[in-house]
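K.L.:
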Amino acid sequence: MSDLPLRSQLAVALGRTAAKMSRLAGRGDGSVIGGRVGLALDPELLTRLARDRKLVLVSATNGKTTTTRLITAAMTPLGEVATNAFGANMPTGHVSALAAAPDARYGVLECDEKYVPMVLAETGANVVALMNLSRDQMDRAAEIWLLAGKWRKALETSPQSHVVANCDDPLVTWGASGAKSVTWVAAGQHWREDSWCCPECGGPLDRDDQDWRCRQCTFARPRPDWVLHGDVVTAPDGRSFPLTGLSLPGRANRSNAAIALAVVAQFGVQPEQALPLLAQVKSVAGRYTTVEHEGRRIRLLLSKNPAGWLEAFDVLQPAPGPVVLSINAQGPDGRDTSWLWDVDYRILRGRPVWVTGERRIDMAVRLEAAEVPFTVVDDIEQAVMAVPPGHLDVIANYTAFQNIRARYGRVV
Ligand SMILES: [Zn+2]
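When you line the sequence shown up against full-length UniProt numbering, it's residues 1 to 412, in that order.
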């Protein structure tokens with residue numbers, strides 16, 4: 001980093017000071033404000049900090065924080081890895097992450113879907129991992145077909161970047177097809193309601209369990225290099241590796257792990273070396289964490305959008321295990337809760353369900369329509385104390401999750 005121009009060094013130093021002050025003031029980890037100060041002083045700071053490093057960008061609607069964490073863990077044999085572990089996934093967060101690890105030759109950066117073209121242009125990332133695109137925060141997120149189009153265009157003009165993409169998601173496949181070289185991973189797609197139309201021509205997609213193709217044009221699922229089937233992943237050389245040792249639960253995390261294995265293979269880290277490192281990741285920013293409270297073991301699951309709900313349902317304790325649903329609709333959650341109607345909640349029948357959060361009435365109406373019995377409570381504590389000692393799953397969207405996490409312990 002001593003190679004940086006003086007102005008950039010000053011930008012980094014002042015950014016760090018701002019971040020430190022923000023932390024001291026108890027306003028988060030400071031990576032956003034630190035990056036903002038740095039970029040204000042040197043608008044090319046991200047480009048300068050990225051120079052001479054091998055970088056991975058990770059983007060998707062769901063799973064990007066977890067996959068970033070998994071890739072970072074699996075790259076540790078290569079040396080120090082810079083990463084935005086706190087989920088600050090815009091350029092300000094990227095600047096902070098890289099500035100905090102000046103000697104790291106590698107970096108793994110979670111990237112907000114909208115910022116992929118900009119960050120790709122500024123960093124010239126070596127590998128771009130793209131997992132899924134689905135509806136999310138409808139009042140503020142860009143339309144996902146537009147996003148896929150922007151990815152495609154950006155990758156067409158970034159021939160240096162190799163893409164690792166989930167070929168089970170047609171929209172991601174279409175976006176990734178702009179790249180010069182792609183590793184296709186059959187990582188699965190549980191939520192399919194956003195991919196019944198061909199992104200190329202608008203025609204209907206014919207789908208079965210494994211394959212998909214357009215009925216009207218030649219757009220079809222590419223032949224995968226890596227295949228996830230159940231809990232086994234098969235590498236391009238035909239060797240198979242069980243993912244049963246993962247600590248993170250559920251099929252969504254097996255999918256994230258398959259992508260991580262394909263990404264680190266680009267840097268020469270083989271699956272047998274990577275898998276024990278993936279297994280060491282037990283929770284990500286509080287997700288999947290179990291906290292103890294009055295004899296209850298409360299497990300926190302984050303669910304921000306319809307695809308995320310399916311992931312959470314997949315890892316619930318078997319019925320009749322109790323579950324609390326907590327829904328807010330603040331800025332980071334998206335103000336529009338109409339997406340609750342996209343999710344099939346009938347899977348919750350047969351277990352005690354408590355509903356809380358600012359938008360508990362919206363959630364209650366939805367469950368009523370799905371004929372799922374439930375109890376509305378004003379506060380999560382009421383639900384926690386109503387269940388007998390033992391396991392309790394809590395599914396919450398973003399700010400509700402953060403509130404609960406702050407209340408019962410910020411174990412990461
Ligand atoms: Zn088509």
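Even glycine gets a Cβ: it sits at the ideal position worked out from N, Cα and C.
#1: With 16 other CB atoms within 10 Å as the buried threshold, where does Gln189 fall?
#2: With a 10 Å radius around its C-beta and 16 neighbouring C-beta atoms as the bar for buried, classify His162 as buried or exposed.
#3: If you count every other CB in all the chains shown that lies within 10 Å of the CB of Cys198, and 16 or more means buried, which is it?
#4: Got a sec? Which residues, its chain only, sit under 7 Å from Val372 by beta carbon, not counting five neighbours each side?
#5: Can you find the residues in the same chain that come closer than 8 Å, C-beta to C-beta, to Val119, ignoring five residues on each side of it along the sequence?
#6: Where does Ser283 fall in DSSP's three states?
#7: In angstroms with no decimal places, state the Cα-to-Cα distance between Pro249 and Thr66.
#8: So if DSSP puts Phe241 in a beta bridge, which residue, or which two residues, is it bridged to?
#9: Taking only three categories from DSSP, how would you classify His94?
#10: Can the beta-carbon of Leu146 be found less than 8 Å from the beta-carbon of Val172?
#11: Assign Lys54 to one of three DSSP states: helix, strand, or coil.
#12: The beta strand (DSSP E) spanning residue 428 covers which residue range?
#13: From what residue to what residue does the alpha helix (DSSP H) around Gly38 run?
#14: Let me know the secondary structure DSSP gives Ala274 once reduced to three states.
#15: For the beta strand (DSSP E) containing Arg360, list its first residue and its last residue.
#16: In chain order, what residues of the same chain lie with their CB nearer than 6 Å to the CB of Ala82, ignoring the 5 residues before and after it?
#17: Using DSSP with H/G/I as helix, E/B as strand and the rest coil, what is Val263?
#18: To the nearest angstrom, report how far apart Leu243 and Asp225 are at their CA atoms.
#19: Under the three-state reduction of DSSP, which class applies to Ile298: helix, strand or coil?
#20: Helix or strand or just coil, what does DSSP make of Leu45?
#21: Using a Cβ-based criterion (distance less than 7 Å to any ligand heavy atom), does Glu200 qualify as near ligand 1?
#22: Would the beta-carbon of Cys217 be found less than 7 Å away from any heavy atom of ligand 1?
#23: Just checking my contact of Leu300 with Gly286 at CB under 8 Å: how many whole Å lie between their CB atoms?
#24: Ligand 1 heavy atoms versus the CB of Gly390: any closer than 7 Å?
#25: When you compare only the Cα positions, how much space is there between Gln317 and Ala40?
#26: Leaving out the 5 sequence neighbours to the left and right, which residues in its chain are closer than 8 Å to Thr123 when beta-carbon positions are compared?
#27: Determine the direct distance from the alpha carbon of Thr290 to that of Val411, and round the result to whole angstroms.
#28: Asp314 and Arg254 - do their beta-carbons sit closer together than 8 Å?
#29: Consider the C-beta atom of Cys214 and the heavy atoms of ligand 3; say whether any pair is separated by less than 7 Å.
#30: Please check the pair Val166 and Ile33, which I expect to be a contact at CB under 8 Å, by giving their CB distance rounded to whole angstroms.
#31: So, under 8 Å CB-CB, Val263 and Val164 are touching, yes? Tell me the CB distance rounded to an integer number of Å.
#32: Among Ser195, Pro236 and Arg152, which has the Cα closest to the Cα of Asp208?
#33: Taking C-beta to C-beta, are Ser326 and Thr356 nearer than 8 Å?
#34: Could you tell me the alpha carbon to alpha carbon distance between Arg381 and Glu358, rounded to whole angstroms?
#35: Could you spell out where the alpha helix (DSSP H) holding Asp314 opens and where it closes?
#36: Whole angstroms is fine: what's the gap from Ser338's alpha carbon to Ala312's?
P.N.:
Well, looking at it:
#1: By the 16-neighbour rule on beta-carbons within 10 angstroms, Gln189 is buried.
#2: So His162 counts as buried.
#3: Cys198 comes out buried.
#4: Tyr345, Arg346, Leu348, Arg349 and Val353.
#5: If the five residues before and after Val119 are omitted, its C-beta is found closer than 8 Å to the C-beta atoms of Leu46, Leu57, Pro91, His94, Leu109, Cys111 and Ala125, all from its own chain and listed in chain order.
#6: Judged by DSSP in its simplified three-state form, Ser283 adopts coil rather than helix or strand.
#7: Distance between the alpha carbons of Pro249 and Thr66 is about 12 Å.
#8: The partner list for Phe241 (beta bridge, DSSP) reads Val233.
#9: Three-state DSSP puts His94 in a helix.
#10: It is not a contact, given that the beta carbons lie outside the stated cut-off.
#11: Per DSSP, reduced to three states, the secondary structure at Lys54 is strand.
#12: In this structure the chain extends from 1 to 412, so residue 428 is not present and cannot be described.
#13: From DSSP, the alpha helix (DSSP H) with Gly38 extends over Ser31 to Leu41.
#14: The answer is helix: DSSP assigns Ala274 an H, G or I state.
#15: For Arg360, no beta strand (DSSP E) segment is defined; the enclosing uninterrupted segment is the alpha helix (DSSP H) at Arg360 to Ala369.
#16: Within the same chain, Ala82 has close Cβ partners Ala97, Leu98, Ala101, Ala104 and Gly107.
#17: Here DSSP, grouped into helix, strand and coil, assigns Val263 to helix.
#18: Just so you know, the alpha carbons of Leu243 and Asp225 end up roughly 17 Å apart.
#19: It is a strand residue.
#20: Helix.
#21: Between ligand 1 and Glu200, a heavy atom-to-CB distance of less than 7 Å is present.
#22: At least one heavy atom of ligand 1 is nearer than 7 Å to the Cβ of Cys217, so yes.
#23: Taking the Cβ atoms as the reference, Leu300 lies roughly 6 Å from Gly286, within the contact range of under 8 Å.
#24: Residue side-chain check: Gly390 keeps its Cβ at 7 Å or more from all non-hydrogen atoms of ligand 1.
#25: When rounded, the separation of the alpha-carbon atoms in Gln317 and Ala40 is 48 Å.
#26: Within its own chain, the residues whose Cβ lies closer than 8 Å to the Cβ of Thr123, once the five positions on either side in sequence are excluded, are Leu46, Thr47, Ala50, Leu55, Leu57, His94 and Leu109, listed in chain order.
#27: Note that Val411 scores a pLDDT of 49, beneath 50, so its modelled location is shaky and nothing firm can be said.
#28: Not closer than 8 Å, so no.
#29: Looking at this structure, you won't find ligand 3 anywhere; what it does contain is ligand 1.
#30: Note that residue 166 is Asn in the sequence shown, not Val. No, Asn166 and Ile33 are not in contact; Cβ-Cβ is about 34 Å, not under 8 Å.
#31: About 5 Å separates the two Cβ atoms, so the contact holds.
#32: Distance check between Asp208 and each of Ser195, Pro236 and Arg152 places Ser195 closest, using alpha-carbon atoms only.
#33: Yes, these two residues count as a Cβ contact at 8 Å.
#34: The identity of residue 381 in the sequence shown is Glu, whereas the question assumes Arg. CA-to-CA, the gap between Glu381 and Glu358 works out to about 14 Å.
#35: First-last of the alpha helix (DSSP H) with Asp314: Pro306 to Val315.
#36: Distance between the alpha carbons of Ser338 and Ala312 is about 19 Å.
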